[in-house]
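Okay, so here's the structure we're looking at.
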Amino acid sequence: GLFPAEKPKNPYKPKPYEQMTYPGQRVQVDVKVVPRRCIADPELRLFQYTAIDEFTRLRFLAAYPEQSTYSSADFLRKLRAWYARRGIEVECVQTDNGFEFTNRFSNSKRDLPTLFEKTATELGIRHKLIRPYTPRHNGKVERSHREDQKRFYSCHSFYSLDDFAKQLAVHNRRANNLPMRPLRWLSPNEFAVQYV
Numbered sequence: 712g713l714f715p716a717e718k719p720k721n722p723y724k725p726k727p728y729e730q731m732t733y734p735g736q737r738v739q740v741d742v743k744v745v746p747r748r749c750i751a752d753p754e755l756r757l758f759q760y761t762a763i764d765e766f767t768r769l770r771f772l773a774a775y776p777e778q779s780t781y782s783s784a785d786f787l788r789k790l791r792a793w794y795a796r797r798g799i800e801v802e803c804v805q806t807d808n809g810f811e812f813t814n815r816f817s818n819s820k821r822d823l824p825t826l827f828e829k830t831a832t833e834l835g836i837r838h839k840l841i842r843p844y845t846p847r848h849n850g851k852v853e854r855s856h857r858e859d860q861k862r863f864y865s866c867h868s869f870y871s872l873d874d875f876a877k878q879l880a881v882h883n884r885r886a887n888n889l890p891m892r893p894l895r896w897l898s899p900n901e902f903a904v905q906y907v
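In short: position in the sequence shown from 1, add 711, done, that's this note's numbering.
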């Protein structure tokens, strides 16, 4: 033929999922943009930061007015304290490659750590990034966001950041007390108590 034989590329082979064996071993973190139809003020933007412990499925949610490395660093400090109050030491957080977590894909700041990354180092928490464009690698937090959409955002409205934060805290308490099949029909709170 006209073209020299191309060497076949090695296809990506996904590694098997590594099951966590104790609380705090890895916590998935992500941000959900609050749907506009839930916000009374058209100028207001709201964001839900979510942390979910892969072993116990215990979730910590917090409300923010922006999605930034500053908000992410603040959330990291809060999630560490929240899990610590429940006897869980967070060893690793896993995030996607969003600008609020890393400069990995920035043309100009690739080698500069974000405030989130600096905070993780300062707190002694390992930061793991998922493969780009592979949200299923953060599947537990993605799934929890779909549940939030169904159980919370489809039937709530928010009038301010404070109002959103209060309603989100109630939703978080309720969600951590719902039985889950992967936990043998225990709630995350009931399951976590067995290990801490």
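Just so you know, even glycine gets a beta-carbon here, dropped at the ideal spot from N, CA and C. Since the model is a prediction, treat every value here as computed from it, not as a measurement.
Query: Endpoints, beta strand (DSSP E) assigned at residue 806; Result: 803-806
Query: Distance between residue 721 and residue 756 (C-alpha atoms, nearest Å); Result: 43 Å
Query: Residue(s) in a DSSP beta bridge with residue 841; Result: Per DSSP, none; premise fails for residue 841.
Query: Spatial distance of residue 808 from residue 848 (CA atoms); Result: 12 Å
Query: Residue range of the unbroken beta strand (DSSP E) whose run includes residue 770; Result: 770-775
Query: Cβ shell of residue 853 (< 8 Å), same chain only, five flanking positions each side left out; Result: 741, 846, 847
Query: Presumed contact (8 Å Cβ cut-off) between residue 812 and residue 855, rounded CB distance; Result: At roughly 18 Å, the Cβ-Cβ gap does not stay under 8 Å, so residue 812 and residue 855 are not in contact.
Query: CB contact flag (residue 787, residue 830, <8 Å); Result: yes
Query: Best match in 766, 759, 754, 750 for proximity to residue 891 [C-alpha to C-alpha]; Result: 766
Query: Endpoints, beta strand (DSSP E) assigned at residue 760; Result: 758-764
Query: Inter-residue CB distance, residue 743 and residue 761 (contact presumed, cutoff 8 Å); Result: 6 Å
Query: N- and C-terminal bounds of the alpha helix (DSSP H) containing residue 778; Result: No alpha helix (DSSP H) holds residue 778; DSSP gives it neither H nor E.
Query: Residue 793, buried or exposed, once every other Cβ within 10 Å from all chains shown has been counted against 16; Result: buried
Query: Neighbourhood of residue 824 by C-beta distance below 6 Å, restricted to the same chain and skipping five residues each side; Result: none
Query: Between the CA atoms of residue 763 and residue 726 - distance to the nearest angstrom; Result: 21 Å
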